[in-house]
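Count along the sequence shown from 1, add 2, and you get the number used in the numbering used here.
Structure first, then comments.
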Amino acid sequence: MAIFAACRIEYKIKKFKLKMNYNWWNQNLQIKKKELQALKRRTNKSEDDNKLKYQLQLSQKQAELKREAKKAKRNSFRNTCTKTTDPYGRPYKAVVKNKHPPAELFKQLGNPSSGDTQSFALKILQELYPPSHSPATPPNCFPPIQEPQITKNEIRRILKKAPTKKAPGFDAIDYIVLKEINNSFPEILHTFYFKCYQLHCFPEPLKNGIIVLFHKDGKKADKIKTYRPVTLLLTICKVLEQILLRRLNHTLKK
């Protein structure tokens, strides 16, 4: 530690100022920033009588600059997404960063660029999820048990505990949207879940999901087993699963 401290004293480390190039920053924001800096200096130099007035103006200017900067960011990203022609171009790379698009992933796993990507994707699924031969379901030997009915309050409690930061399925409806639907029109979800439960039916479209492959750190990229699959299911499907799970637990306790 003494040698390290001596080197820090003798050899000064030069700090380079990193200049960020923001493509959304415009002249209007620069003017508002300078006005805000001038108002800050005026607030610090003002006396007690005028300081409160300048502080109020300063908070309004800060909120205005923040609002304009957020608007400029959104417009810049919207323009970038509108002008691009490659679905895996700059907007894709900006969001997923070091993740590979499906075409590059298939090439790494040995599929030629001219091959059938759908058949190769099915091959990946068969290796990650091998078919299992489950035994035949025995006949129902237990007497029927009266199960609780599905209520609107139950759906509301399930949605209240649902995490809002989970990724949605292929319909792009997350828990935030589902909560708003249930708050505004509770009859829609209640009727849907009640009919599914009454008909003993789990709709086939709800069983479909998006499978995302995450590469395991330190593993070779050309092996299928080195990827961890994550299935993104529909949020409306997850709520139905919670409803059925509650009835299953109720039956087991009986």
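Ideal Cβ placement from N, Cα and C applies to all residues, glycine included.
For TYR199, three-class secondary structure by DSSP: What you label residue 199 is simply residue 197 of the sequence shown in a count that begins at 1. Three-state result, TYR199: helix.
Any idea what DSSP makes of PRO188, helix, strand or coil? Here residue 188 refers to the residue found at position 186 when the sequence shown is read from its first residue. Helix, per DSSP.
ALA123 versus TYR177, ILE212, GLU206, PRO207, residue with shortest Cα-Cα distance: Here the question's residue 123 lines up with position 121 in the sequence shown. Of the candidates TYR177, ILE212, GLU206, PRO207, the one whose C-alpha sits nearest the C-alpha of ALA123 is ILE212.
Can you list, in chain order, the residues of its chain whose CB lies under 7 Å from that of ILE226, leaving out five sequence neighbours each side? To locate residue 226, count along the sequence shown from 1; it is residue 224. Excluding sequence neighbours, ILE226 sits near LEU111, ILE126, GLU129, LEU130.
When you compare only the Cα positions, how much space is there between PHE79 and ASN30? For the purposes of this step, residue 79 is taken as the residue at position 77 of the sequence shown. For the purposes of this step, residue 30 is taken as the residue at position 28 of the sequence shown. Rounded to whole angstroms, PHE79 to ASN30 spans 18 Å at the Cα level.
Assuming THR237 and ILE160 are in contact, meaning their beta carbons sit under 8 Å apart, how far apart are those beta carbons, in whole angstroms? As a working note, residue 237 is residue 235 in the sequence shown. As a working note, residue 160 is residue 158 in the sequence shown. In fact, because the Cβ distance is near 11 Å, the residues do not count as touching under 8 Å.
Bridge partners of LEU234, per DSSP? Residue numbering aside, residue 234 sits at position 232 when the sequence shown is read from its first letter. DSSP output for LEU234 lists ILE212 as bridge partner(s).
What first and last residue would you give for the alpha helix (DSSP H) that runs through TYR131? Taking the sequence shown and counting its residues from 1, one reaches residue 131 at position 129. Unbroken run through TYR131: none, as it is neither H nor E.
Using the Cα positions of ILE152 and LEU67, report the straight-line distance between them to the nearest angstrom. The sequence position of residue 152 within the sequence shown is 150, counting from 1. The sequence position of residue 67 within the sequence shown is 65, counting from 1. When rounded, the distance between both Cα atoms is 49 Å.
Residues bridged to HIS217 by DSSP? Here residue 217 is taken as the residue at index 215 of the sequence shown, counted from 1. Paired residues: TYR229.
Buried or exposed for ASN52, going by 16 or more other Cβ atoms inside 10 Å? Reading the sequence shown from its first residue, position 50 is the one you call residue 52. So ASN52 ends up on the exposed side.
Could you pull out every residue in the same chain whose Cβ sits closer than 6 Å to the Cβ of TYR229, ignoring the five residues on either side in sequence? Stepping through the sequence shown from its first residue, residue 229 is reached at position 227. Result list for TYR229: LEU215, HIS217, in chain order.
Does DSSP put ILE245 in a helix, a strand or coil? Numbered from 1 along the sequence shown, position 243 holds the residue referred to as residue 245. If DSSP states are grouped into helix, strand and coil, ILE245 belongs with the helices.
Per-residue burial, PRO150 [other beta carbons within 10 Å of its own, 16 or more giving buried]: Translated into the one-based positions of the sequence shown, residue 150 becomes position 148. Result: exposed.
Is LEU191 near ILE157, with beta carbons less than 8 Å apart? Taking the sequence shown and counting its residues from 1, the one referred to as residue 191 is at position 189. Taking the sequence shown and counting its residues from 1, the one referred to as residue 157 is at position 155. Yes.
Tell me the DSSP secondary structure of GLN151 in three-state form. Here residue 151 is taken as the residue at index 149 of the sequence shown, counted from 1. Here GLN151 sits in coil by DSSP.
Relative to the C-alpha of ILE178, which residue among LYS222, LYS168, PHE187 is closest? Along the sequence shown, read from residue 1 onward, the residue named residue 178 stands at position 176. Nearest of LYS222, LYS168, PHE187 to ILE178, Cα basis: LYS168.
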